[in-house]
Amino acid sequence: MSQIVRGVVARAKGAPVTIEQITIPAPGPGEAVVQVQACGVCHTDLHYREGGISDDYPFLLGHEAAGVVEAVGEGVTAIAPGDFVVLNWRAVCGNCRACLRGRPWYCFNTFNAEQKMTLDDGTELSPALGIGAFAEKTLVAAGQCTKVDPAVKAEVAGLLGCGVMAGLGAAVNTGNVGRGDSVAVIGCGGVGTAAVVGANLAGAARIIAIDLDERKLAVAKNLGATHTVHAAGLDQDGVVEAVQDLTGGFGADVVIDAVGRPETWKQAFYARDLAGTVVLVGVPTPDMRLEMPLLDFFGRGGSLKSSWYGDCLPSRDFPMLIDLHLQGRLPLDAFVSETIELDQVEEAFDKMHRGDVLRSVVVF
1 MSQIVRGVVA RAKGAPVTIE QITIPAPGPG EAVVQVQACG VCHTDLHYRE
51 GGISDDYPFL LGHEAAGVVE AVGEGVTAIA PGDFVVLNWR AVCGNCRACL
101 RGRPWYCFNT FNAEQKMTLD DGTELSPALG IGAFAEKTLV AAGQCTKVDP
151 AVKAEVAGLL GCGVMAGLGA AVNTGNVGRG DSVAVIGCGG VGTAAVVGAN
201 LAGAARIIAI DLDERKLAVA KNLGATHTVH AAGLDQDGVV EAVQDLTGGF
251 GADVVIDAVG RPETWKQAFY ARDLAGTVVL VGVPTPDMRL EMPLLDFFGR
301 GGSLKSSWYG DCLPSRDFPM LIDLHLQGRL PLDAFVSETI ELDQVEEAFD
351 KMHRGDVLRS VVVF
């Protein structure tokens with residue numbers, strides 16, 4: 001039987017979001033209905049509202065979520081009603097060429113629920129990243145639900161659904177940061193700060209946080225950065241020189257670009273040591289272009305990587321990271337700047353844009 005719940009909808013490019021009545025279908029084969037307990041306000045949701053992802057309006061926003069499985073459809077065996085889960089937006093297929101080669105974190109055929117959630121007039125909604133969790137309940141593919149220890153608070157657990165996993169995984173999984181490495185992180189919002197935490201967790205000896213905002217640098221320092229660079233007023237060369245000065249003149253072993261602009265990527269490229277690694281985890285827009293001397297790519301060697309969702313495997317990484325948090329070894333709660341009501345999402349977008357918060361989290 002279908003259900004009616006409240007949800008946050010973006011109806012048009014740039015327009016303020018609205019609270020709407022959402023129809024949630026009963027789960028079909030391979031699907032699940034999840035009662036959402038908490039959902040973080042991620043910059044990707046703002047990208048959806050602004051038309052930066054697609055123009056498939058209206059969008060049901062929200063994707064960084066945790067909750068309890070309410071019902072499952074035919075053929076679902078991995079989860080059951082009552083399970084506490086973190087939602088993910090890369091449910092692996094198990095059958096594509098990446099999965100069959102033992103690299104499911106690169107799955108080329110991730111999937112979402114087949115049925116559509118709708119407005120009360122029958123208009124089909126596009127759920128953000130296939131989830132749509134700024135709603136009291138949501139319909140997802142069962143593979144988008146990862147069971148974790150229910151002892152964790154929902155507002156903390158849900159952060160693994162996107163930003164924290166993306167940043168932490170960029171350091172640990174994509175960048176392969178190891179003990180004794182030097183790491184520089186450009187951009188210390190939620191994703192970049194999570195990369196700092198990941199580098200610290202991996203045992204990096206030197207972690208350099210770079211940002212234009214002193215408040216963000218203070219948070220990064222508190223969460224594991226050994227050095228900070230206030231980049232306001234510095235050009236590309238100035239940022240590169242600052243990193244080199246802090247690494248014996250060589251540059252960092254791993255540089256993570258958590259901004260995703262041509263100028264920050266160039267800073268990352270030139271701020272790494274010879275044969276070092278650049279990881280791009282910040283999301284560029286389609287219009288951005290990069291022009292550089294090809295000889296520089298050849299002459300410096302090393303690895304240039306893009307990080308998809310922190311190259312995570314939710315079934316492997318989410319339970320492990322929740323366990324580390326419950327053991328006191330991973331400070332996920334430090335990312336929660338405030339908890340808010342569903343009708344405060346638009347205000348939370350403004351706070352995020354101003355850099356006032358790491359994460360606002362809607363709690364139901």
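If you count the sequence shown from 1, position 147 lands on 147 in full-length UniProt numbering, and the numbers rise without skipping.
We treat Cβ as the ideally placed atom computed from N, Cα and C, and that holds for glycine.
Item to check | Minimum C-alpha distance to I53 - residue among T228, S360, A10 | outcome: What you label residue 53 is simply residue 53 of the sequence shown in a count that begins at 1. Residue A10 is the option with its Cα nearest to I53.
Next on the checklist: Less than 9 Å between the C-beta atoms of L159 and T44, yes or no?
Outcome noted: Residue mapping note: residue 159 aligns to position 159 of the sequence shown, counting from 1. Residue mapping note: residue 44 aligns to position 44 of the sequence shown, counting from 1. Going by C-beta atoms, L159 is not nearer than 9 Å to T44.
Checklist entry - Quick one: Cα of R179 to Cα of N222, how far? => result Sequence index remark: in the sequence shown, residue 179 carries index 179 (1-based). Sequence index remark: in the sequence shown, residue 222 carries index 222 (1-based). Using only the alpha carbons, I get a separation of about 20 Å.
Next on the checklist: Quick check on DSSP: helix, strand or coil for G130?
Outcome noted: By one-based count along the sequence shown, residue 130 stands at place 130. Of the three classes helix, strand and coil, the one that applies to G130 here is helix, per DSSP.
Checklist entry - Between G169 and the rest of its own chain, which residues show a CB-CB distance below 6 Å, the 5 nearest in sequence each way excluded? => result Locating residue 169 in the sequence shown gives position 169, counting from the first residue. So the qualifying residues of the chain are G310, D311, C312.
Checklist entry - Is there contact between the segment 13–30 and the segment 69–77, where contact requires at least three CB pairs shorter than 8 Å? => result Yes: at least three Cβ pairs fall under 8 Å.
Checklist entry - Are the CB atoms of C42 and E64 nearer to each other than 9 Å? => result Your numbering for residue 42 matches position 42 in the sequence shown. Your numbering for residue 64 matches position 64 in the sequence shown. It is a contact, given that the beta carbons lie within the stated cut-off.
Next on the checklist: Going by DSSP, what residue range makes up the beta strand (DSSP E) through residue 374?
Outcome noted: Limits of the chain in this structure are 1 at one end and 364 at the other, which puts residue 374 out of reach.
Item to check | Assumed close pair H325, V152 - CB separation to whole angstroms, cut-off 8 Å | outcome: The residue labelled residue 325 in the question sits at position 325 within the sequence shown. The residue labelled residue 152 in the question sits at position 152 within the sequence shown. By a beta-carbon distance limit of 8 Å, H325 contacts V152. Their separation comes to about 6 Å.
Item to check | Cβ neighbour criterion (16 or more within 10 Å) applied to M117 | outcome: Within the sequence shown, the letter at position 117 stands for residue 117. Here M117 is buried. Its C-beta has 16 or more other C-beta atoms within 10 Å.
Checklist entry - Looking only at its own chain, which residues have a Cβ that is under 6 Å from the Cβ of P127, when we skip the five neighbours before and after it? => result Counted from its first residue, the sequence shown places residue 127 at position 127. Apart from the 5 residues on each side of it in sequence, P127 sits with its Cβ closer than 6 Å to the Cβ of L60 in its chain, given in chain order.
Item to check | Neighbourhood of D257 by C-beta distance below 6 Å, restricted to the same chain and skipping five residues each side | outcome: Numbered from 1 along the sequence shown, position 257 holds the residue referred to as residue 257. Answer for D257: I186, T264, W265, A268, L280, G282, listed in chain order.
Item to check | Cβ-Cβ distance between G67 and S360 below 9 Å | outcome: Residue mapping note: residue 67 aligns to position 67 of the sequence shown, counting from 1. Residue mapping note: residue 360 aligns to position 360 of the sequence shown, counting from 1. Not a contact, by the Cβ cut-off of 9 Å.
Checklist entry - Just how far apart, CA to CA, sit D296 and G248? => result For the purposes of this step, residue 296 is taken as the residue at position 296 of the sequence shown. For the purposes of this step, residue 248 is taken as the residue at position 248 of the sequence shown. Spanning the two alpha carbons is a distance of roughly 21 Å.
Next on the checklist: Quick check on M165: buried or exposed, where buried means 16 or more other Cβ atoms within 10 Å of its Cβ?
Outcome noted: On the sequence shown, residue 165 is found 165 positions in, with the first residue counted as 1. Residue environment analysis places M165 among the buried positions, since at least 16 neighbouring C-beta atoms fall within 10 angstroms of its C-beta.
Checklist entry - Start and end of the beta strand (DSSP E) containing C145? => result Residue mapping note: residue 145 aligns to position 145 of the sequence shown, counting from 1. Where C145 is concerned, the enclosing beta strand (DSSP E) stretches over 145–147.
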